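Beneath this line is the structure, given in structure tokens, with notes to follow.
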Amino acid sequence: MSNYYTRYRHLAIEDAKPAPTARQIAAIEALLEAPLPAAFLAFLKVANGACFDYTCDVPDGNGGVEKMGFNTFFSADEGDFCDETLVGEIRAARKHTDMPVRILPFARDGGNSMVYLDLTDEGGGRVLAYVQELPDWTGKRAHGLMELAPSFDAWLDSLYIDRDTVLDELEHSVSEPSHLDAMAEWLDIGMPAWRRDAGITALFALKQVELCANEQD
Numbered sequence: 001m002s003n004y005y006t007r008y009r010h011l012a013i014e015d016a017k018p019a020p021t022a023r024q025i026a027a028i029e030a031l032l033e034a035p036l037p038a039a040f041l042a043f044l045k046v047a048n049g050a051c052f053d054y055t056c057d058v059p060d061g062n063g064g065v066e067k068m069g070f071n072t073f074f075s076a077d078e079g080d081f082c083d084e085t086l087v088g089e090i091r092a093a094r095k096h097t098d099m100p101v102r103i104l105p106f107a108r109d110g111g112n113s114m115v116y117l118d119l120t121d122e123g124g125g126r127v128l129a130y131v132q133e134l135p136d137w138t139g140k141r142a143h144g145l146m147e148l149a150p151s152f153d154a155w156l157d158s159l160y161i162d163r164d165t166v167l168d169e170l171e172h173s174v175s176e177p178s179h180l181d182a183m184a185e186w187l188d189i190g191m192p193a194w195r196r197d198a199g200i201t202a203l204f205a206l207k208q209v210e211l212c213a214n215e216q217d
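Residue numbering for the sequence shown follows UniProt numbering, beginning at 1 and increasing consecutively.
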């Protein structure tokens with residue numbers, strides 16, 4: 001089986017750029033006006049500008065949680081403005097939202113919701129989410145900044161592969177044997193007990209049969 005992902009703890013990472021240079025890190029820290037925590041730097045070396053398909057539980061404001069995916073990790077490249085680089089997103093956050101210094105936007109979902117590293121004295125390295133409000137017809141959602149985890153390490157630990165997402169992707173997104181191979185690797189890294197899940201394994205086996213039949217046609 002091919003290796004589709006780079007592993008970092010329980011996370012399967014893809015499409016990462018090379019590790020950032022000392023000059024790039026210095027530029028980020030200078031603009032941020034704070035040193036980057038060791039845990040963040042360790043992840044950045046492996047996941048610079050990467051994608052990772054994981055779920056994050058975000059408080060919905062009503063005592064429950066909303067499942068969201070902040071799956072695009074910003075890169076350490078020399079950025080300009082609002083360009084999915086750490087430097088560019090710092091500048092954009094300060095202009096558009098009056099974000100203070102020592103707060104680092106580092107990942108986003110598919111829209112305008114983002115996660116931030118709060119390195120202020122009050123924040124102490126916690127991870128915050130800014131959740132973009134949705135129209136009423138989509139259902140209620142909390143709006144604004146909220147704390148997700150007390151540290152970057154704790155936030156990484158909280159990420160997980162959602163079972164419903166697995167079933168949906170197996171049913172609707174897997175169209176080639178290579179997709180199925182990649183999904184197996186993703187699950188082995190992030191959801192190692194998946195082979196004992198009757199629902200997932202049954203659908204996985206069915207998809208294997210379908211793809212094999214399609215190749216023979």
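Note that CB positions come from ideal geometry on N, CA and C, so glycine has one too.
None of the values given here were measured: they were computed from a predicted structure.
Identify, in the order they occur along the chain, each residue of the same chain with its Cβ nearer than 8 Å to the Cβ of residue i, setting aside the five sequence neighbours on each side.
i: P135; result: No answer about P135 holds up, because its pLDDT of 47 lies below 50 and its placement is not dependable.
i: L170; result: M183, I200, L203, F204 and K207
i: N3; result: E185
Exposed or buried, what is residue i when buried is set at 16 or more other beta-carbons lying within 10 Å of its beta-carbon?
i: T201; result: exposed
i: L11; result: buried
i: D53; result: buried
i: V65; result: exposed
i: A101; result: Checking the displayed sequence, the identity of residue 101 turns out to be Val instead of Ala. That one is exposed.
i: Q24; result: buried
i: A92; result: buried
i: P18; result: exposed
i: A38; result: exposed
Which residues in the same chain have their Cβ closer than 7 Å to the Cβ of residue i, if we skip the five residues on either side of it in sequence?
i: Q208; result: L180
i: G88; result: G79, D80, F81 and C82
i: T72; result: C51, E84, A107 and R108
Could you pull the DSSP bridge partners for residue i from this structure?
i: E14; result: C51
i: L128; result: Y116 and E147
i: C56; result: M68
i: P105; result: Y116
When you compare each of the options to residue i by their alpha carbons, which one comes out closest?
i: D15; options: R91, G49, E147 and I25; result: G49
i: L119; options: A34, D164 and L211; result: A34
i: S75; options: I90, M68, G63 and K67; result: I90
Under 7 Å: does the beta carbon of residue i sit that close to some heavy atom of the ligand GTP?
i: I25; result: In the structure shown, the ligand GTP is absent, as is every other ligand, since no ligand is present at all.
message = For the pair the segment 168 to 187 and the segment 55 to 65, tell me if three or more CB-CB distances fall below 8 Å.
response = No: the two stretches stay apart, fewer than three of their Cβ pairs being nearer than 8 Å.
query = Is the number of C-beta pairs between the segment 38 to 47 and the segment 186 to 197 that are closer than 8 Å three or more?
reply = no
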